[in-house]
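Quick note, the working numbering runs 198 ahead of the 1-based positions in the sequence shown. Cβ atoms here follow ideal geometry from the backbone N, Cα and C, with glycine treated the same way. On a predicted model such as this, the values are computed, not experimentally measured, just so you know. What follows is a single structure, written as structure tokens, with notes after it.
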Amino acid sequence: MKTAPKNRKNRGFNIEAICDAFSLKRDAYYKFHKRHTAKKEMEQIVVGLVRKSRRTLPREGTRKLMESLHEDFQRQYLKIGRDQLFRILRENGLLIRRKKYSSRTTNSHHRFYKYGNTIKGLKISRPNQVWASDITYIRTVKGFCYLALITDMYSRKIVGFDLSDSLELKGCVRALNKAIYNAKNTTRLIHHSDRGIQYCSNVYTQI
């Protein structure tokens with residue numbers, strides 16, 4: 199529901215006609231208008247306080263603002279909840295988007311030989327026909343750690359893995375050695391990867 203413009207010159211109809219059109223009593227309309235006006239005034243005060251705080255802390259998020267502006271809200275006799283503050287910030291374009299942190303795990307620009315893709319169009323019909331290797335990162339409170347995986351493309355089973363705190367070759371080698379150790383038959387097995395530096399290195403390809 200919206201209120202009619204305060205200035206009579208800007209209204210297309212008088213208040214009585216508007217109320218009749220929506221089956222409203224005039225006192226109900228004026229009560230709503232009063233609440234609506236008070237709400238907008240309150241929101242403008244909140245927006246002003248947020249803008250002032252953001253001058254010194256431009257990346258301050260909503261939860262931090264709830265803490266830092268608590269006393270300011272009390273001085274203005276404002277009762278603001280977290281969800282309400284979220285809504286006000288969103289409607290006024292003041293929400294801070296989180297920065298996305300990621301870790302790059304593939305470096306394909308290296309001096310080692312890059313093998314061609316031998317599984318393109320290949321029908322995978324048995325276990326230990328194709329192993330796919332990859333590295334994924336896991337974010338922890340202390341930073342990133344890296345999970346090297348060897349997956350059988352037929353069974354989707356992880357046949358080898360290693361978790362380490364760096365992207366060094368050793369983790370990939372340990373994962374590969376585990377997979378080979380546990381495998382029953384590796385005859386004509388194809389190893390597939392993204393051709394990153396770890397998988398194309400001489401140490402890895404010799405294994």
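Identified DSSP bridge partners for residue i
i      : result
Ala330 : Thr349 and His390
Cys343 : Ile336
Leu361 : Leu345
Minimum C-alpha distance to residue i - residue among the options
i      : options                           : result
His389 : Arg257, Gly314 and Asp360         : Gly314
Thr349 : Lys262, Val357 and Ala215         : Val357
Ala346 : Gln327, Asn375 and Gly319         : Asn375
Val328 : Ser391, Ser221, Val339 and His308 : Ser391
Tyr352 : Ala377, Pro325, His231 and Ser364 : Pro325
Ala406 : Arg252, Lys277, Glu269 and Lys321 : Absent from the structure is residue 406, since the part of the chain shown begins at 199 and ends at 405.
Arg372 : Lys238, Val401, Thr384 and Phe284 : Val401
Gly341 : Asp363, Ser323 and Arg354         : Asp363
Arg354 : Ile322, Glu366, Thr338 and Lys382 : Ile322
Cutoff 6 angstroms; reference residue i; Cβ partners in own chain excluding five residues on either side
i      : result
Tyr227 : Cys217
Val244 : Ile286
Arg309 : none
Lys368 : none
Asp270 : Leu247
Per-residue DSSP class, three states only, for residue i
i      : result
Tyr335 : strand
Ile356 : strand
Met199 : Annotation note: pLDDT 49 at Met199 (below 50); position unreliable, coordinate value reported separately. Here Met199 sits in coil by DSSP.
His231 : helix
Ala215 : helix
Glu366 : coil
Ser221 : coil
Lys312 : coil
Gly319 : coil
Tyr275 : coil
Arg249 : helix
Ile405 : coil
Lys382 : coil
Glu289 : helix
Glu241 : helix
Ile294 : coil
Thr260 : helix
Chain-order list of residues whose beta-carbon lies under 7 angstroms from that of residue i (same chain, five-residue window excluded)
i      : result
Ile317 : Val328, Ile388 and His390
Met264 : Arg280 and Leu283
Glu241 : Ile286
Ile378 : Thr384
Min CB distance residue i to chain D below 7 angstroms
i      : result
Asn326 : Any reference to chain D falls outside this structure, which holds one protein chain only.
Proximal residues to residue i (C-beta, below 8 angstroms), its chain only, five neighbours per side dropped
i      : result
Thr260 : Arg280, Leu283, Phe284, Leu287, Leu293 and Ile294
| Should the segment 330-349 be called in touch with the segment 391-405, which here means at least 3 C-beta pairs below 8 angstroms? | yes
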